[in-house]
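For reference, the structure is listed below as structure tokens.
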Amino acid sequence: MRFSKILWPLSLSASVLIGSMTLTIASTAFAATPAPAKQTSKPDARQLERQKYNQAQKALNAKNTAEYRQLAKQLQNYPLLPYLEYQELSERLIGLPRKDVDAFYTRYPDSFLAERLTHRWLRTLALREQWTDYRHYYDARLTDPELACLNLRARLATGDKTAMDDVAALWNIEKAQSKACDPVFAEWRKAGRMTPELIWQRHLKVLKAGNNSMASYLSNLLPAAERPNALLLQQVNANPRLLKQTGKFAKQSPHMKTIILHGLEKLARLNAKEALSLWRIYDAQQLFSDEDRNTIKHHIALRLLHQDYDTEAQNLVASTPGLNSVDLLEWLLRESLRKQQWEQVNEWLTRLPDEARSTERWRYWQARTMEELGIKEINGETPMAIYNSVAPARSFYGFLAADKTGINYHLLDRPIIVSDEQVRAVENSQGMLRAREFLERGELPAATREFFYSARRMPPEQTAIAGRLAERWGWHRHGIQVMAEAQLWDELQVRFPIVYQDQVTKAAKQTSVNPLLIFAVARQESAFMPDAKSPAGAVGLMQLLPSTAKQTAQKSGMSFNPQDLIQPEKNIALGSRYLDYLLGVFDGNRILAAAAYNAGPSRVRQWMNKEKNAQLPYDVWIETIPFKETRGYVQNILSFSVIYAYRLGQETSFVTPEEANRTL
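The numbers in this note's numbering rise by one with no breaks, and the one at position 304 of the sequence shown is 307.
What follows is the structure, given as structure tokens:
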């Protein structure tokens, strides 16, 4: 299918429609901005600065102040000088050098080091009990709870009694707070602000968080008359089946309702049918609020679905008109789709909140359901009209709808146009200069930290330039991430870079795998970060487990060393061969191969066999993949393949006729 040249303000982000952002347009396209010309003198001068920086750091570490200061004077234009100044200043904070601290903030405002200095400076001021200064330097945007507690101490010490009003929010959490909070908590408790109700609330929170020892401590703070309820709550938390002894829980009180609801929630995780049965008994026995009733029903219904009690869950939701949470209804919708119960799908769609029902996903399924049921019109819209409203989206559902209507895919590619002056302003900003210098020095964690700290504080047009700089520096993943965080969805050059093309082409020629699929997998798996490592142990551009890579290499007659996986050419070669193997297993079907690449071939076979007598259309099968991660993964792989076809100037189909006509 050809790509439409019409530009639509739509975007691809986890298959969600997000409006594009309007940016200031200047005269020169960034893509045409050449990298700075290399000059023979500058590298030599910079190398000399690096040597002097290393010497200055050694002198500073050795407490050789005179040598350090002499070298520092020669580094006034070196991007990393602030790190030396920060280290030198940090080592003498105990002397309260206020003027030097203020001067550092003036020289390096809104920098990573300024924020780091604030943390150390505030702790020093608290240690020295300089509470007036503490309040002057404290920033409410800081997210450190210890510093927040110290700020309350500062307020109390300087006569601000309203600080007492803000203590409860810091105390009433599910975990232990910093010891810096203890003096404030003690004064707050002495003032009578630690009420039994607050203690009960926190007691419940820490139990839910699994902190039984703290729960015991808190229960001892309760008045003697309320401790039996706390003990009963702890017993039910440990053994929710105590709720079967309904006589123990007959007392009518708010705390008893809390105990019952918490026990039912815990029991539902073990046996949702059992929890549902007990809920009906307690619902008749206690006067629960409508909010509590819907909350526990929602929890039980979800657990019923997790435990494959689909009928019981459907009956519970159907009998509770107010139970319209999106997560629950979407689960029920997928169960009904999997069983191809189209009447039930239509009913659950009507129950969805308006905001969810108007998304691309459920607009598409509304049209599909209408087609299956022969419904010609709903609220003045035909199925084809709904498809036409979704088709302009650059997303999984937009491409599905475009295939339904036969129109071209609409791919908005709007390179951001900026002036040379705007580019230079970002490239020469302090944070970007520090990021680039750390990168040149091979100090990647520090380079990454400086890059994101700076980019995340820029206005949108500067963020876009930062993303382009990241791409120029070979940080494709950083560019992709910063564009996503800024919601700059229509900058396809950065978001879908064409890199390692020679390696991809070579791998594709050696296998039966389409290059578009290889690009899509690498983009989804690692965002083109060669040394990416997952928590599960997958490595490299195409995120291969060493065991999988070794087996693939053996089958292909290739040599293998685990270190090969961080080499782009070897990783792409092995990943492509593994994809080729999966395509062979699943008769060339990209949908199943992509699902298997993410979740493993055995799981895919299990999902295919779940309904032995049911053959699912490909769109239904994808929508009902049990793992949310794999569902999104398959949708992205198919969508990214279309986008890479556009980026490479090729024509492609979102789903091939063979894939579309085959039931799974």
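Think of the CB as a built atom: it goes at the ideal place given N, C-alpha and C, for glycine as much as any other residue.
By a beta-carbon distance limit of 8 Å, residue 226 does not contact residue 257. Their separation comes to about 15 Å.
Across the structure, residue 416 and residue 397 are spaced so that their CA atoms are roughly 10 Å apart. Residue 137 holds the alpha-carbon nearest to the alpha-carbon of residue 121 among 110, 601, 133 and 137.
When the Cα atoms are used, residue 502 and residue 582 turn out to be separated by approximately 19 Å.
In this structure residue 112 is exposed. Its beta-carbon is surrounded by fewer than 16 other beta-carbon atoms within 10 angstroms. In the structure shown, residue 536 falls within a strand segment according to DSSP collapsed to helix, strand and coil. Look at residue 594 here: in three-state DSSP terms it is helix. Here the alpha carbon of residue 180 sits roughly 27 Å from the alpha carbon of residue 228. The residue among 649, 665, 123 and 78 with its C-alpha nearest the C-alpha of residue 411 is 649. Contact annotation: residue 349 and residue 326 have beta-carbon atoms that are not nearer than 8 Å. Residue 547 carries a strand assignment under DSSP once its states are collapsed to helix, strand and coil. Residue 86 sits in a helix when the DSSP states are folded into three classes.
Rounded to the nearest whole angstrom, the C-alpha separation of residue 282 and residue 313 is 18 Å. Contact annotation: the region 595-613 touches the region 571-587, with at least three C-beta pairs closer than 8 Å.
Judged by DSSP secondary structure, residue 564 falls outside any alpha helix (DSSP H); it is assigned neither H nor E. Put simply, of 116, 609 and 305 the residue whose alpha carbon is nearest the alpha carbon of residue 331 is 305. For residue 210, the CB contacts under 6 Å within the same chain, skipping 5 residues up- and downstream, are 218 and 240 in chain order. With contacts defined as CB atoms closer than 8 Å, residue 340 and residue 627 qualify as a contacting pair. The three-state secondary structure of residue 320, taken from DSSP, is helix.
In the DSSP assignment, residue 660 falls within the unbroken alpha helix (DSSP H) covering 660-664. The beta carbon of residue 572 sits closer than 7 Å to the beta carbons of 506 from its chain, once the five residues preceding and following it are set aside; these are given in chain order.
Here residue 232 is buried: its Cβ has 16 or more other Cβ atoms, across all protein chains shown, within 10 Å. Within the model, the alpha-carbon separation for residue 472 versus residue 446 is close to 18 Å. Scanning the region 470-511 for uninterrupted alpha helix (DSSP H) segments of 4 residues or longer gives 479-488 and 495-498, listed from N- to C-terminal end. By the Cβ neighbour-count rule, residue 470 is buried, with 16 or more other Cβ atoms within 10 Å of its own. Contact annotation: the region 384-398 does not touch the region 422-440, with fewer than three C-beta pairs closer than 8 Å. DSSP places residue 243 outside any alpha helix (DSSP H), giving it a letter other than H or E.
Using a Cβ distance threshold of 8 Å, residue 105 and residue 92 do not count as a contacting pair. In chain order, 252 and 285 place their CB closer than 6 Å to the CB of residue 263, counting only its own chain and leaving out the 5 sequence neighbours on each side. In its chain, beyond the 5 residues on either side, 33, 421, 425, 426 and 429 have a beta carbon closer than 7 Å to the beta carbon of residue 468. For residue 419, no alpha helix (DSSP H) run applies, since DSSP gives it neither H nor E.
Scanning 479, 512 and 553 for the CA closest to the CA of residue 528 turns up 479.
Closest option to residue 374, judged by alpha-carbon separation, among 345, 618, 323 and 49: 345.
By the Cβ test, the region 199-208 is in contact with the region 172-188, since at least three Cβ pairs between them sit closer than 8 Å. In this structure, residue 89 places its C-beta atom within 8 Å of the C-beta atom of residue 116. A straight-line Cα-Cα distance of about 38 Å links residue 189 and residue 109.
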